[in-house]
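Shown next, in structure tokens, is the structure this report addresses.
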Ligand code: GRF
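Residue numbers (UniProt numbering): 26 to 228.
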């Protein structure tokens, strides 16, 4: 399955997907990386892997809607079967969801519905939780509110600050994302209400 990755940051989740696709049995192939930030580290991983890149910067557009439409048009160029948002720090709007809703995954560094938004790690730490984690979910019109595909727990350790906790979460998050993008690429997904069914049941 053809996968387009949206990333705004360092791109370690993208790098994990690029490593996984070295195995031809993995089933997913990152065909392009699209970012809102021309300096994103994710672009370096894409270039090193010979994967197409595109930058769609909000500042180049008169409105969020125009940017959102341009983003959807850019992703469409690559004939994505699925879109994976990995550290993409923009909200995907109506145009994008019309084209790719139901087949766009996001990874979030907290156990949704707890601690949604751009500071999930910091918010969990500030709340004093003992267990946090990460969530792979489908994008919907809300912020981190779409149907959940998979989750993994990560313990908060004494002395953790946001960077140490986020790094520990990211190690688990990368593995979870690689596992479920592969399963979905190989077996597809369907959504019944808030339940996501991945892959065809083993006959
Ligand atoms: C990930 O933890 C993601 O969940 C969060 O930002 C981080 C991106 O990391 N939104 P990277 O850019 O994939 O290294």
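All C-beta atoms, glycine included, are put in the ideal place defined by N, C-alpha and C.
Could you pull out every residue in the same chain whose Cβ sits closer than 8 Å to the Cβ of residue 213, ignoring the five residues on either side in sequence?
Excluding its 5 nearest sequence neighbours in each direction, residue 213 has C-beta neighbours in its own chain below 8 Å: 223, 224, 225, listed in chain order.
Can you name, in chain order, every residue of its own chain whose Cβ lies under 7 Å from the Cβ of residue 29, other than the five neighbours on each side?
56, 57, 59, 100, 103, 105, 108
Would residue 147 pass as a contact of residue 187 if the rule is Cβ separation under 8 Å?
yes
Counting only the same chain and skipping the five closest in sequence on each side, list residues whose C-beta sits under 6 Å from that of residue 35.
Sequence-distant partners of residue 35 (beyond 5 residues in either direction) whose C-beta falls short of 6 Å from its own C-beta, in its chain, are 66.
Could you check if residue 191 is buried or exposed, using at least 16 other CB atoms within 10 Å of its CB as the buried criterion?
buried
Quick one: grab the DSSP three-state call for residue 105.
coil
Identify the continuous alpha helix (DSSP H) that holds residue 70 and give its terminal residues.
66–73
Return the chain-ordered list of same chain residues with a C-beta closer than 8 Å to the C-beta of residue 201, the five sequence neighbours on each side being excluded.
132, 159, 161, 175, 176, 177
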